[in-house]
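Protein chains in written order, with the numbering used here: chain A, 392 to 599; chain B, 392 to 599.
Every residue gets a Cβ at the ideal spot worked out from N, C-alpha and C, and that includes glycine.
None of the values given here were measured: they were computed from a predicted structure.
Data block below; observations after.
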């Protein structure tokens, strides 16, 4: 275990253990053991496991809002790709939140509200990008509610694709992040007009 | 609590509690309490909580394969709709499996294999339907791998949409199943050719 101040070491160990074993399986005693401190020392820094989870969620949330700003001018396909890539890397870093999402938010109500805002921001960013692409004539939809549905589908894919990949594969898949990006790009593709569509499909294929 | 034989009452109570509180939060003592029997009586019927989960999974799996047969002739849009509706009702009935999926399959390896087969069947059915629609000239894709991606997207949506809806809404949403069906139909829509596309969009809009 790398050196560092004790609260940081507790948080780093908790993140790894939550990601690998799931929140429910990890107790504060396990964490103290892993960091090689006494349970009393851990309780000196954190009231309980919920507080550790909340502190990790704070970090995730701050990084999320740093990464996901709603664009106000049309991004090109490479920018969308890069941005999706950063997003999935972040989700992967804090994957315990996503893998145990339903029960995490039902046990800790304050996280529920905050996570709903995060999904809201994902939908909003998806809609902003689609509207910009439509206004620029790069994207075509037959009805405005197709953009709404597409943005929700993108947000859901960004929320659960890594869990889906995790459940589907017998061993951890190092290319899961790149494949997640490709999957989102492929959602957008059928609405694009050539040559943007061809360009995006070629890009997506590289990452599958 | 309705009468009935004890194992069935244990399974029914477990299903309700798992769905509402999550597997990790429910102990065999809680279940025995709810059924109004002694823990010893519960252990006479089931070795442990894992065995209860496995028995519930058996029921879910049998119903799943009854519902989801891979079609060999082109279904019409209404048939696809009905079939999706039955699928989401079943998922809703056994939603603890889906809400706690990642950790359920990591704790019980035999369920992991069985659940992977279930997702495989969803992808297979999605691909079969898309290929039939394409062969009939109702659906158009620019490249064969679009069908593969679309089928995976359908399978993922069928796996996680209810969890997504659950996390997003503050209270239980009685129309979540109908909205799930609409969301899947909207995935297929951009690939359809009019009038099938218009017909499907109109149908999807009724259920949103």
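Pull out every residue of the segment 403-415 of chain B whose Cβ sits closer than 7 Å to any Cβ of chain A, in chain order.
Interface annotation for the segment 403-415 of chain B against chain A: 413 and 415, criterion Cβ-Cβ distance under 7 Å.
Residue 459 (chain A), DSSP secondary structure in three states:
As a working mapping, residue 459 (chain A) is identified with position 68 in the first chain. Note: residue 459 (chain A) maps to coil in three-state DSSP.
Residue-chain proximity (residue 554 (chain B), chain A), Cβ-Cβ < 7 Å:
As a position in the second chain, residue 554 (chain B) is number 163, starting the count at 1. The beta carbon of residue 554 (chain B) sits closer than 7 Å to some beta carbon of chain A.
Would residue 506 (chain B) and residue 496 (chain B) be called neighbours here (beta carbons separated by less than 7 Å)?
Reading the second chain from its first residue, position 115 is the one you call residue 506 (chain B). Reading the second chain from its first residue, position 105 is the one you call residue 496 (chain B). When the beta-carbon positions are compared, residue 506 (chain B) and residue 496 (chain B) come within less than 7 Å of each other.
Within the 7 Å Cβ cut-off, does residue 510 (chain A) reach chain B?
Translated into positions along the first chain, residue 510 (chain A) becomes position 119. Residue-level contact check: residue 510 (chain A) touches chain B, since one or more beta carbons of chain B fall below 7 Å from its beta carbon.
Under 7 Å from the C-beta of residue 496 (chain B): neighbouring residues of chain A:
Reading the second chain from its first residue, position 105 is the one you call residue 496 (chain B). Under the 7 Å cutoff, chain A gives 558.
Are residue 568 (chain B) and residue 480 (chain B) closer than 7 Å when you measure CB to CB?
One-based indexing of the second chain puts residue 568 (chain B) at position 177. One-based indexing of the second chain puts residue 480 (chain B) at position 89. The Cβ atoms of residue 568 (chain B) and residue 480 (chain B) sit closer than 7 Å to each other.
So with Cβ pairs under 7 Å, would you call residue 590 (chain A) a contact of chain B?
Taking the first chain and counting its residues from 1, the one referred to as residue 590 (chain A) is at position 199. False, the Cβ-Cβ gap to chain B never drops below 7 Å.
Residue 542 (chain A) to residue 513 (chain A), Cα distance in whole Å?
Here residue 542 (chain A) refers to the residue found at position 151 of the first chain. Here residue 513 (chain A) refers to the residue found at position 122 of the first chain. Taking the straight line joining both Cα atoms gives about 8 Å.
Of all Cβ atoms in chain B, is any one closer than 7 Å to the Cβ of residue 393 (chain A)?
The sequence position of residue 393 (chain A) within the first chain is 2, counting from 1. Any reading at residue 393 (chain A) must be qualified, since the residue scores a pLDDT of 48, below 50, and its modelled position is unreliable; the value itself is stated next. Output row for residue 393 (chain A): interface = no.
Could you name the residues of the segment 560-588 of chain B whose beta carbon sits closer than 7 Å to any beta carbon of chain A, in the order they occur along the chain?
Against chain A - using a Cβ distance shorter than 7 Å - the residues of the segment 560-588 of chain B are 574, 577, 578, 581 and 582.
What residues in the segment 455-466 of chain A bring their beta carbon closer than 8 Å to a beta carbon of chain B?
Answer set for the segment 455-466 of chain A: empty.
Roughly how many angstroms lie between the CA atoms of residue 467 (chain A) and residue 545 (chain B), to the nearest whole one?
Position 76 of the first chain, counted from the start, is the residue given in the question as residue 467 (chain A). Position 154 of the second chain, counted from the start, is the residue given in the question as residue 545 (chain B). Distance between the alpha carbons of residue 467 (chain A) and residue 545 (chain B) is about 27 Å.
Can you list the residues of chain B that residue 550 (chain A) reaches, using a CB-CB cut of under 9 Å?
Counting from 1 along the first chain, the entry for residue 550 (chain A) is found at position 159. Within chain B, the C-beta atoms nearer than 9 Å to that of residue 550 (chain A) come from 551, 554, 555 and 558, in chain order.
Tell me which residue opens and which closes the alpha helix (DSSP H) that residue 531 (chain A) is part of.
Here residue 531 (chain A) is taken as the residue at index 140 of the first chain, counted from 1. Element bounds for residue 531 (chain A): n/a, residue is neither H nor E.
Would you kindly work out how many angstroms separate the C-alpha atoms of residue 520 (chain A) and residue 590 (chain A), rounded to a whole number?
The residue you call residue 520 (chain A) lines up with position 129 of the first chain. The residue you call residue 590 (chain A) lines up with position 199 of the first chain. The alpha-carbon atoms of residue 520 (chain A) and residue 590 (chain A) are separated by roughly 17 Å.
Do we get a CB-CB distance below 7 Å when we pair residue 440 (chain A) with the residues of chain B?
Stepping through the first chain from its first residue, residue 440 (chain A) is reached at position 49. Answer no: the Cβ-Cβ gap between residue 440 (chain A) and chain B never drops below 7 Å.
Neighbourhood of residue 404 (chain B) by C-beta, 8 Å cutoff - its chain only, sequence neighbours within 5 removed
Stepping through the second chain from its first residue, residue 404 (chain B) is reached at position 13. Sequence-distant partners of residue 404 (chain B) (beyond 5 residues in either direction) whose C-beta falls short of 8 Å from its own C-beta, in its chain, are 392, 422, 425 and 426.
Around the C-beta of residue 593 (chain A), are 16 or more other C-beta atoms found within 10 angstroms, so that it is buried, or is it exposed?
In the first chain, counting from the first residue as 1, residue 593 (chain A) sits at position 202. Residue 593 (chain A) is exposed by the Cβ-count criterion.
Assuming residue 409 (chain A) and residue 487 (chain A) form a contact by the criterion Cβ under 8 Å, report the distance between their Cβ atoms to the nearest whole angstrom.
As a working mapping, residue 409 (chain A) is identified with position 18 in the first chain. As a working mapping, residue 487 (chain A) is identified with position 96 in the first chain. Residue 409 (chain A) to residue 487 (chain A), Cβ: 4 Å. Contact.
What's the C-alpha gap between residue 433 (chain A) and residue 416 (chain B)?
Within the first chain, residue 433 (chain A) is the residue found at index 42, counting from 1. Within the second chain, residue 416 (chain B) is the residue found at index 25, counting from 1. Cα atoms of residue 433 (chain A) and residue 416 (chain B): separation of roughly 24 Å, rounded to the nearest angstrom.
Figure out for me which residue from A:412, A:441 and A:428 has the closest Cα to the Cα of residue 397 (chain A).
As a position in the first chain, residue 397 (chain A) is number 6, starting the count at 1. Comparing alpha-carbon positions, the option among A:412, A:441 and A:428 lying closest to residue 397 (chain A) turns out to be A:428.
Once the 5 residues before and after residue 539 (chain A) are set aside, which same chain residues still bring their CB inside 8 Å of it?
Along the first chain, one-based indexing puts residue 539 (chain A) at 148. Cβ neighbours of residue 539 (chain A) within its own chain (closer than 8 Å, five residues either side excluded): 518.
Leaving aside the five residues before and after residue 443 (chain B) along the sequence, list all residues of the same chain whose C-beta is less than 6 Å from its C-beta, in chain order.
Here the question's residue 443 (chain B) lines up with position 52 in the second chain. Apart from the 5 residues on each side of it in sequence, residue 443 (chain B) sits with its Cβ closer than 6 Å to the Cβ of 405 and 437 in its chain, given in chain order.
Within 10 angstroms of the Cβ of residue 485 (chain B), are there 16 or more other Cβ atoms? Answer buried if so, exposed if not.
Taking the first residue of the second chain as position 1, residue 485 (chain B) is located at position 94. Buried: at least 16 other Cβ atoms inside 10 Å.
Alpha helix (DSSP H) segment containing residue 398 (chain B), residue limits
Here residue 398 (chain B) refers to the residue found at position 7 of the second chain. 397-412 is the extent of the alpha helix (DSSP H) around residue 398 (chain B).
So residue 417 (chain A) contacts chain B; which residues on that side make the cut at Cβ distance below 8 Å?
Indexing the first chain from 1 puts residue 417 (chain A) at position 26. Near residue 417 (chain A) there are no residues of chain B at all, since even the closest Cβ is about 11 Å away, more than 8 Å.
Which residues in chain A have a C-beta closer than 8 Å to the C-beta of residue 476 (chain B)? List them in chain order.
Residue mapping note: residue 476 (chain B) aligns to position 85 of the second chain, counting from 1. When 8 Å is used as the limit between beta carbons, residue 476 (chain B) is near no residue of chain A, the shortest such separation being about 18 Å.
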